[in-house]
Structures are given as C-alpha cells and as structure tokens.
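A.B. asks:
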Amino acid sequence: MERAILSSIILNNDALSEIYDLVGAKDFYLKAHSDIFKAMIECLNSDVPIASSFLKTKLGKSYNEAVLTDILGTNGIVDIKKYANELKEKSVKRSILKMAQDMPGKVSQDKPSRDMVDEISSELYNLTDVKSTGSIKESKEIVNDFLEYIKKQSQLDEKDTVGLSTGFKSLDEKTNGFKNGDLIIVAARPGMGKTTICLNFIEKALSQNKGVVFFSLEMPAEQIMMRMLSAKTSIPLQNIISAKMEDDELSKLSDACEYMSSRKLFVHDSGYVNIHQIRTQLRKLKTSHKEISLCVIDYIGLMMSTSNFNERHLQIAEISRGLKLLARELDIPIIALSQLNRGLESRSNKRPMLSDLRESGAIEQDADMIFFIFREEVYREQEEKEREERAKAEGKEYVKKFVPENKLQEKAEIIIGKNRNGEPGIVEVIFKKDHSKFVEKAPMPDSVSEFKG
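For the sequence shown, the tail end lands on 453 under the UniProt record's numbering, and the numbers increase by one without skipping.
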C-alpha cells in the first residue's frame with residue numbers, strides 16, 4: 001500500500017495535493033518510505049518536480065536506490081484518497097498499540113493518577129485530531145449553498161428562529177437564536193443570575209425535543225435539577241430544597257419530574273474538566289444521541305488548561321479557541337459562562353462592557369455573541385446595606401432610602417455586547433429569584449388618548 005501511494009505521486013505529482021491533509025510522513029510504517037514522503041513534500045514546497053533525480057537530492061544520505069526502484073516498479077492507484085485513509089487508519093492503530101505497551105511504564109511513574117489520565121487523554125486526542133485547512137469552494141458552489149439556505153428559511157413560520165430559540169422572543173428577534181457552530185459567552189458579576197439564565201436556555205432547548213449537554217464545574221447535578229424543577233413548576237426553590245410543599249405543589253413537582261425524565265439532558269458535574277475531555281465526551285454523546293443540539297459550560301474560568309502556558313490569560317485564550325473550534329466541528333452552539341472583572345463595580349455606571357471580560361481578550365475575539373446579565377437592584381441593595389452598617393457603626397438612626405419595587409420580580413437586562421451577525425442591544429426581562437428563572441417582560445399596553453375628535 002505504501003509503495004502504491006508513493007508510486008502514484010511520482011506518476012502524478014498532483015496526487016500529493018489530494019492527500020496532503022490526510023496523512024503525514026509519520027504515518028508510513030517503513031522509515032525509508034517516510035523519508036521519501038518527506039522529500040516529496042520538500043519538492044512540492046520548493047516547486048520542483050517530484051521525480052527520481054530531485055528526490056535523490058532531497059534525500060541526501062537517506063537515499064536508497066533499491067527502495068526507490070521498488071516504488072517505481074509498483075503500479076499506481078486511481079483512488080489515492082481511499083488508500084491514504086487506510087494508511088492513516090493503520091497508523092492510528094499502531095500508535096494506540098504503542099500507547100498500550102508504554103502504559104505499564106507510565107503507571108509506575110511517581111505521578112498523580114489524574115495527571116496520568118490527562119496525559120493519556122491528550123495523546124488519544126492528538127491521534128484523532130485530523131488536520132483541517134478547510135475546503136476551498138468556488139463562488140458558484142457558495143451561491144448555491146446560500147440559495148438553499150434562503151429556501152429553507154423562507155419555509156419557516158414567522159414565529160420560528162433561524163437558530164435554536166433562546167426562550168425569549170425579544171432576544172430571538174435581535175439574535176435569530178443560537179446558531180450551529182457559534183460560541184456564545186454569558187458573562188456577569190457573581191449573583192447576577194448567569195447560571196440561572198443558562199438553565200432557562202437549556203429548558204427551552206429541551207422543550208423543543210433537543211438534547212443538551214451541561215458541564216457544571218460549580219454545582220452538582222442534583223442542585224441543577226432542583227433549580228430547573230423550580231423554574232418549571234414555579235414552586236419556590238427553598239420549598240423544594242426543604243421538601244416542605246403543599247399537596248398541589250407535590251403533584252406539580254411529580255409531573256415536572258416525569259417531564260424532565262423524558263428529556264435528553266446530560267450533566268457532567270465532576271468539577272474538573274479540560275477541552276480534551278469536553279471534546280471526547282461531546283463526540284461520544286453526539287454519536288449515540290443525534291438529537292444533541294446544545295452544549296453549556298459553567299464556567300470557562302474553572303476549566304483546566306492542557307497547555308504549558310503559565311500565564312492564565314494565555315491558558316484562557318487556548319480554552320476559548322478550543323471551544324470555538326469544537327462548536328464548528330460538531331456543528332452545534334456552545335454556551336460558555338464567564339466572570340467579569342471586579343473593577344467595573346468601582347464605576348458609577350456598572351453596566352458591563354466588553355473590556356470587563358476577565359483574563360483574556362481572546363474570549364471577545366472568538367465569541368460570536370456575548371451576553372451580559374445586569375440587575376441594578378443588586379448594587380442598590382449592596383449600597384443600602386453599606387450605608388446602614390456605617391450608620392450603625394456611628395450610632396445613628398438609619399432610614400432606608402431604597403425599597404425594592406417587588407422583591408419577587410426584579411428588573412433585569414440581557415445586554416448583547418457582541419452580535420457577529422447583528423447589532424448589539426439590550427433586552428429587558430424580569431428575574432424571579434424564588435423560582436430560579438428569568439421571564440419575558442410584559443409589553444406596555446398601548447396608550448389610549450383621553451381626547452376624541
């Protein structure tokens with residue numbers, strides 16, 4: 001097989017370009033064949049013919065006339081890509097066998113088991129990480145793809161979105177939903193409700209019979225389910241946690257549990273995960289559950305890096321880029337939560353901006369959409385508490401200046417800081433803290449004129 005591939009390239013130099021992204025020199029079993037393939041690549045890069053005389057020059061001391069004669073005496077093949085894929089398959093299997101043989105030595109090393117698992121996972125990941133330079137498309141093909149896209153979109157109902165619905169009509173109108181291949185960042189300061197709103201996004205996807213994978217690095221699966229059940233039933237979260245509910249609430253909870261049991265939600269809550277592990281888990285789940293259409297990661301700052309970078313911002317940049325590439329590879333939207341810099345709280349206007357993203361500007365670059373969650377009442381309550389504490393410390397009587405309009409329904413904003421295929425903007429919503437959910441803000445009624453002509 002190896003001789004047939006090399007012979008085909010000598011007979012038709014263009015054949016090398018066909019398999020350039022499929023195999024490398026290391027995929028050839030015989031070193032002599034590997035050296036010749038390297039020399040062929042050098043000929044291609046030097047813009048000289050891939051012929052015996054040039055190969056001899058490129059090979060230098062590695063030149064073996066008998067091996068080259070055998071190759072020249074081998075018949076070429078028509079479907080070189082098929083043979084190249086088979087060559088790659090055999091190469092990967094040899095590498096796996098070599099890893100298995102090296103395993104006893106790795107296990108005997110004085111390393112934590114978790115580090116060894118990560119090292120092995122990384123090696124396996126690299127084996128399956130196929131080179132991709134992207135296919136080149138002619139304008140005619142691109143236009144045809146575009147016309148097919150327009151045809152599909154024109155068949156949608158007016159209420160449908162281009163991508164996966166967010167669950168908020170106003171947000172869908174501004175963003176067209178979560179589109180396949182997109183990386184969406186949801187960022188906020190602690191306590192604003194970024195996990196809650198992502199659980200709302202998940203519930204909406206589940207209601208559309210879509211599968212969702214949730215990597216939770218902060219919260220165990222049981223607590224996640226409690227919050228989703230509270231949002232689904234409108235039973236206060238504390239009632240569910242304490243298991244103190246009325247009969248009608250228990251009935252609603254039972255129905256909600258039955259509903260959630262029928263949905264395809266997969267939760268990974270180990271608290272330790274890196275980009276390789278996410279990729280492996282998602283690929284495995286996508287293979288067995290074709291309905292998986294969304295991945296959520298809570299949150300990006302807790303993900304472990306697999307690089308050798310010491311600076312955290314470089315590690316975050318690696319993670320961010322990895323998530324974007326993964327979204328494109330699996331053709332699903334990936335939502336990743338992120339923290340914001342504490343510095344924004346020293347400003348008079350505390351609404352987040354893109355410059356507030358913590359640790360890396362790469363997040364802003366890689367993301368297709370960035371949402372900020374902002375609740376002004378959080379800061380107003382904090383300021384009220386600080387003023388009250390100062391008054392007590394000074395022995396003064398304190399009268400509250402800020403009284404929330406409705407503690408159960410706080411005003412909130414979803415700030416669209418970046419929208420690659422649209423405009424930034426703000427969507428006003430209502431935060432129902434007791435029920436762990438955000439809901440659409442009711443539209444203002446049309447004003448009626450007091451005077452009639």
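Each residue gets a CB set at the ideal place from its N, CA and C atoms; glycine is no exception.
Quick check on this structure: which residue in Lys264, Ile292, Asp331, Lys232 has the alpha carbon closest to the alpha carbon of Ser436?
C.D. replies: Taking only the C-alpha atoms, the option nearest Ser436 is Lys232.
A.B. asks: With Ala187 and Leu314 assumed to form a contact (beta carbons below 8 Å), what rounded beta-carbon distance in angstroms separates them?
C.D. replies: Not confirmed; about 19 Å, so no contact.
A.B. asks: Between residue 454 and Ser7, is the Cβ-Cβ spacing less than 8 Å?
C.D. replies: Outside the shown range of the chain (1 to 453) lies residue 454, about which nothing can therefore be said.
A.B. asks: Give me the Cα-Cα distance between Gly361 and Asp70, rounded to the nearest whole angstrom.
C.D. replies: Taking the straight line from one Cα to the other gives about 55 Å.
A.B. asks: Leaving out five residues on either side along the sequence, give the residues of the same chain with a beta carbon under 7 Å from the beta carbon of Gln153.
C.D. replies: If we look at Gln153 and ignore the five residues flanking it on each side, its Cβ neighbours are Val162.
A.B. asks: What first and last residue would you give for the alpha helix (DSSP H) that runs through Glu394?
C.D. replies: Looking at the DSSP string, Glu394 is not in any alpha helix (DSSP H), and its letter there is neither H nor E.
A.B. asks: When you compare each of Pro112, Lys90, Arg227, Met116 to Asp102 by their alpha carbons, which one comes out closest?
C.D. replies: When each option's Cα is compared against that of Asp102, the closest is Met116.
A.B. asks: Identify whether Glu123 lies in helix, strand or coil by the three-state DSSP scheme.
C.D. replies: The answer is helix: DSSP assigns Glu123 an H, G or I state.
A.B. asks: Look at the alpha carbon of Ser320 and the alpha carbon of Pro352, and state the distance between them as a whole number of angstroms.
C.D. replies: Their Cα atoms are separated by approximately 20 Å.
A.B. asks: Whose C-beta lies closer than 7 Å to the C-beta of Gly425 among residues of the same chain, with five residues either side of it excluded?
C.D. replies: So the qualifying residues of the chain are Lys174, Ile416.
A.B. asks: Buried or exposed: which applies to Lys210, given that a residue is buried once 16 or more other Cβ atoms fall within 10 Å of its Cβ?
C.D. replies: Lys210 should be labelled buried.
A.B. asks: Have a look at the DSSP bridge pairing and note the partners of Phe372.
C.D. replies: Paired residue(s): Ala187, Ile415.
A.B. asks: Just the Cα atoms here: how many angstroms apart are Thr166 and Gln382?
C.D. replies: Taking the straight line from one Cα to the other gives about 30 Å.
A.B. asks: Ignoring anything shorter than 3 residues or poking outside the region 291 to 379, list the beta strand (DSSP E) runs there in chain order.
C.D. replies: For the region 291 to 379, whole beta strand (DSSP E) runs of length 3 or above, ordered along the chain, are 292 to 298, 334 to 339, 369 to 374.
A.B. asks: Contact between the region 215 to 235 and the region 371 to 381: three or more CB pairs below 8 Å?
C.D. replies: Touching, no, given that fewer than three Cβ pairs across the two stretches are closer than 8 Å.
A.B. asks: Counting along the chain, where does the alpha helix (DSSP H) carrying Ile10 start and finish?
C.D. replies: Its alpha helix (DSSP H) spans residues 2 to 11.
A.B. asks: Taking Cβ positions, are Ile19 and Lys81 nearer each other than 8 Å?
C.D. replies: Yes, they are a contact pair.
A.B. asks: Using the three-state DSSP reduction, which class does Ser165 fall into: helix, strand or coil?
C.D. replies: Looking at Ser165 - three-state DSSP - the assignment turns out to be coil, as it is neither helix nor strand.
A.B. asks: Lys137 CB to nearest chain B CB: under 8 Å?
C.D. replies: Reference to chain B is not applicable here, since this structure consists of a single protein chain.
A.B. asks: Using a Cβ-Cβ cutoff of less than 6 Å, which residues in the same chain neighbour Glu2 once the five nearest sequence positions on both sides are dropped?
C.D. replies: Same-chain partners within the cutoff: Phe28, His33.
A.B. asks: Do you know whose CA, among Lys26, Cys43, Ser121, Asn45, lies nearest Ile275's CA?
C.D. replies: That would be Ser121, whose Cα lies nearest to the Cα of Ile275.
A.B. asks: Have a look at the DSSP bridge pairing and note the partners of Val267.
C.D. replies: Answer is Phe214, bridged to Val267.
A.B. asks: Among residues of its own chain, excluding the 5 on either side of Leu285, which ones have a beta-carbon nearer than 7 Å to its beta-carbon?
C.D. replies: Result list for Leu285: Val213, Phe266, Ile292, in chain order.
A.B. asks: Give me whichever residues DSSP pairs with Gly425 in a beta bridge.
C.D. replies: Note: Gly425 sits in a beta bridge opposite Ile416.
A.B. asks: In whole angstroms, what separates the C-alpha of Asn349 from that of Glu423?
C.D. replies: Approximately 22 Å between the Cα atoms of the pair.
A.B. asks: Are the CB atoms of Gly181 and Leu164 within a distance shorter than 8 Å?
C.D. replies: Going by C-beta atoms, Leu164 is not nearer than 8 Å to Gly181.
A.B. asks: Are Leu302 and Leu217 closer than 8 Å when you measure CB to CB?
C.D. replies: Contact flag set, yes.
A.B. asks: DSSP puts Ile430 in a beta bridge; with which residues?
C.D. replies: Beta-bridge pairing links Ile430 to Lys411, Val439.
A.B. asks: Lys441 and Glu410: beta carbons closer than 8 Å?
C.D. replies: Result no, Cβ atoms of Lys441 and Glu410 do not sit closer than 8 Å.
A.B. asks: Whose C-alpha, out of Lys93, Leu68, Ser53, Lys151, is nearest the C-alpha of Lys26?
C.D. replies: Nearest C-alpha to Lys26: Lys93.
A.B. asks: Rounded to whole angstroms, what's the CA-CA distance from Thr133 to Asn200? Just pull it up for me.
C.D. replies: At Thr133, the pLDDT of 45 sits below 50, so the modelled position is not reliable and the matter cannot be decided from this model.
A.B. asks: Rounded to whole angstroms, what's the CA-CA distance from Ala221 to His268? Just pull it up for me.
C.D. replies: Computed Cα separation, rounded: 8 Å.
A.B. asks: Between Ile10 and Ile50, which are expected to be in contact by the criterion C-beta below 8 Å, what is the C-beta distance as a whole number of angstroms?
C.D. replies: Indeed they touch by this definition, with Cβ atoms about 6 Å apart.
A.B. asks: Cα-Cα, which of Asp14, Lys194, Ser17 is closest to Ile300?
C.D. replies: Looking at the Cα atoms, Lys194 is the closest of the given residues.
A.B. asks: Can you tell me whether DSSP reads Phe54 as helix, strand or coil?
C.D. replies: In the structure shown, Phe54 sits in a helix (DSSP, three-state: H, G or I).
A.B. asks: With DSSP run on the structure shown, which of helix, strand or coil describes Asn274?
C.D. replies: Asn274: strand per DSSP, three-state reduction.
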